[in-house]
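Here is the structure we will look at.
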Amino acid sequence: MILAIFLFRLIVTEAAVNVGGGIGVGVGGGGGISVGGGINTSPDTPSAGAPQVSKLNAAYTALQTWKSAITDDPNGILRTWVGSNVCTYKGVFCADSQDSTGPVVAAIDLNHANLQGVLVKQLSELAGLSLIHLNSNRFSGTVPESFKEFSFLTELDLSNNKFSGPFPVTVLYIPNLKYLDLRFNSFSGSIPDYLFNKQLDAILLNNNQFDSELPQNLGNSPASVINLANNKFSGNLPFSLGYMGSRVKEILFLNNQLSGCIPEGVGLWSDLQVLDMQRPEPDCSMIPGDGLSCLRIPAKPLVCGAHQTTTPSP
23 MILAIFLFRL IVTEAAVNVG GGIGVGVGGG GGISVGGGIN TSPDTPSAGA PQVSKLNAAY
83 TALQTWKSAI TDDPNGILRT WVGSNVCTYK GVFCADSQDS TGPVVAAIDL NHANLQGVLV
143 KQLSELAGLS LIHLNSNRFS GTVPESFKEF SFLTELDLSN NKFSGPFPVT VLYIPNLKYL
203 DLRFNSFSGS IPDYLFNKQL DAILLNNNQF DSELPQNLGN SPASVINLAN NKFSGNLPFS
263 LGYMGSRVKE ILFLNNQLSG CIPEGVGLWS DLQVLDMQRP EPDCSMIPGD GLSCLRIPAK
323 PLVCGAHQTT TPSP
């Protein structure tokens with residue numbers, strides 16, 4: 023299992039806050055961090071100047087706007103979202119800014135909070151965000167266009183919600199994003215080619231309603247984990263898949279409508295641990311490759327000269 027934790031590039035104030043999250047690459051519900059309180063920055067802390075006040079005021083306005091767009095909070099998380107000291111809000115974490123102008127909101131971790139509502143464009147005012155974890159809530163609608171303004175964001179986990187509509191292209195314009203988790207939603211249509219040119223380490227799109235052919239540049243992706251299972255993808259596996267080599271560790275295609283051949287280069291991948299293409303799992307078949315322990319193939323196997331049962335001669 024590949025663990026993608028991208029820690030803040032900011033210095034956490036007062037105490038270390040554990041806000042990382044593990045990548046669940048299987049087809050079950052995503053894992054994450056329980057909702058916890060933010061850093062308790064005392065209201066009496068001397069101000070670091072106008073920039074600090076401005077940043078926290080902007081955060082307060084943004085979070086209160088979002089709070090008003092949340093229609094159900096069965097666990098009472100938002101009862102703590104009172105007052106201007108946003109660093110005490112449950113699920114909100116602050117850290118020192120890189121320019122030393124005082125604390126900023128660096129992370130939002132509301133995994134498993136069971137909140138119902140929508141995301142609001144004003145969230146982009148939280149310019150210092152490095153992490154957004156919203157796994158296992160009931161957020162619906164789509165991702166605001168303003169999310170492309172998150173210049174420090176490295177992790178975006180929107181899995182196990184009720185988002186719908188086309189692939190949220192705006193996330194591809196987040197410059198430092200490394201971990202993208204859109205699993206278990208109702209996104210549909212095609213996925214953009216540029217997704218696999220972006221410098222992502224994890225692409226988790228399983229259990230949606232995507233129904234296009236796979237982009238031919240899929241093999242360009244530097245990601246170590248790619249999960250496209252349980253959608254309605256059709257057509258052939260892209261030929262470029264055979265050139266991914268040691269970059270990819272786990273890639274899942276099971277429960278789609280793919281056809282054609284397994285690209286020949288797949289047999290030479292040295293570090294791949296799982297290539298999963300069908301569920302329920304049949305017996306494993308061996309193909310060349312030192313690290314690949316199991317190739318699961320569909321009931322109508324994707325066969326060609328690419329699938330071999332013996333290691334070819336040098």
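Those letters in the sequence shown? Residues 23 to 336, per this note's numbering, in order.
Where a beta carbon is used, it is the ideal one built from N, C-alpha and C, also for glycine.
The structure presented is a predicted model; accordingly, all values stated were derived computationally and were not measured.
Q. Using the beta-carbon count (16 or more within 10 Å), is Tyr216 buried or exposed?
A. exposed
Q: Taking the CB atoms as reference points, tell me whether Ile225 and Leu202 lie closer together than 8 Å.
A: yes
Q. For the beta strand (DSSP E) that Tyr201 lies in, which residues bound it at each end?
A. Tyr201 to Asp203
(Q) Let's see if you can read the secondary structure: which residues bound the beta strand (DSSP E) around Ala224? (A) Ala224 to Leu226
Q: With DSSP collapsed to three states, give me the class of Asp95.
A: coil
Q) What distance in whole Å lies between the Cβ atoms of Lys254 and Asn278, which are believed to be in contact at a cut-off of 8 Å? A) 7 Å
Q) Can you tell me whether DSSP reads Ala81 as helix, strand or coil? A) helix
(Q) In whole angstroms, give me the CA-to-CA distance for Lys77 and Asn136. (A) 28 Å
Q. My guess is that Ile92 and Leu85 are in contact by the Cβ rule of under 8 Å, so how many angstroms apart are they, rounded?
A. About 10 Å separates the two Cβ atoms, so there is no contact after all.
Q) If we ignore side chains and look at the alpha-carbon of each, how far apart do Gly113 and Phe261 end up? A) 43 Å
Q.
Buried or exposed for Val165, going by 16 or more other Cβ atoms inside 10 Å?
A. buried
Q. Hey, out of Ser246, Ala251 and Gly257, whose CA is closest to Ser268's CA?
A. Ser246
(Q) Classify Asp118: buried if its beta carbon has 16 or more other beta carbons within 10 angstroms, exposed otherwise. (A) buried
(Q) Determine whether the beta carbon atoms of Asn207 and Leu180 lie at a separation below 8 Å. (A) yes
Q: Please confirm whether Phe161 and Ser146 have their CB atoms less than 8 Å apart.
A: no
Q. If you draw a straight line from the C-alpha of Val108 to the C-alpha of Val127, how long is it?
A. 8 Å
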